[in-house]
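Mapping to this note's numbering: the sequence shown position 81 is 81, numbers consecutive.
Report on the structure given below.
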Amino acid sequence: MILLLRWILFALAIMFTAWLIPGIEVDGFKSALLVVVIMALINIFIKPLLVLITLPINLLTLGLFIFVINALLLLLLGRIAPGFEVDGFLSAFLGSVVISFLGALISSIELNV
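Quick look at the structure:
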């Protein structure tokens with residue numbers, strides 16, 4: 001139950017990001033839920049591999065390169081998720097920052113259901 005509530009909150013965060021950042025579009029709440037599921041799969045399978053491969057540059061930039069990785073993964077998500085579009089790298093970068101911030105807020109909330 002808590003997992004479903006978190007997914008709903010993340011879907012709302014995706015919709016808020018699409019409303020806030022020009023260049024990011026989501027068709028509706030169902031599309032946002034699908035984006036959350038695909039994003040979770042990308043974060044489980046692809047992101048750790050990318051972080052490992054880019055570890056030297058990540059260390060040189062004191063971890064700031066992770067923002068570039070997040071933007072590239074958001075661009076990938078815009079290509080593969082139906083009903084979700086990301087126009088360019090700047091939109092992806094700003095969107096990934098907003099989604100990361102909102103995701104940290106959602107993860108810090110203690111859900112007592």
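Glycine residues also receive a C-beta, built at the ideal position from the N, C-alpha and C atoms.
In the DSSP annotation of this structure, the continuous segment of the alpha helix (DSSP H) that includes Ile-38 starts and ends at 29–45. Closest in alpha carbon position to Val-51, among Val-68, Val-35, Met-39 and Ala-40, is Val-68.
A direct Cα-Cα distance of roughly 22 Å separates Arg-6 from Ile-80. Taking 7 Å as the cut-off, the Cβ atoms of Leu-72 and Ile-21 do not count as close.
Distances from the alpha-carbon of Gly-78 to those of Val-35, Ile-8 and Leu-64 put Val-35 closest. Using a C-beta cut-off of 8 Å, the segment 97–111 makes contact with the segment 9–29, since at least three inter-stretch Cβ pairs fall below that distance. Taking C-beta atoms under 8 Å as the contact rule, Leu-33 and Ala-13 fail to qualify, at a distance of about 12 Å.
Secondary-structure assignment with DSSP links Ile-24 through a beta bridge to Val-86. DSSP places Gly-78 in the uninterrupted alpha helix (DSSP H) bounded by 65–80.
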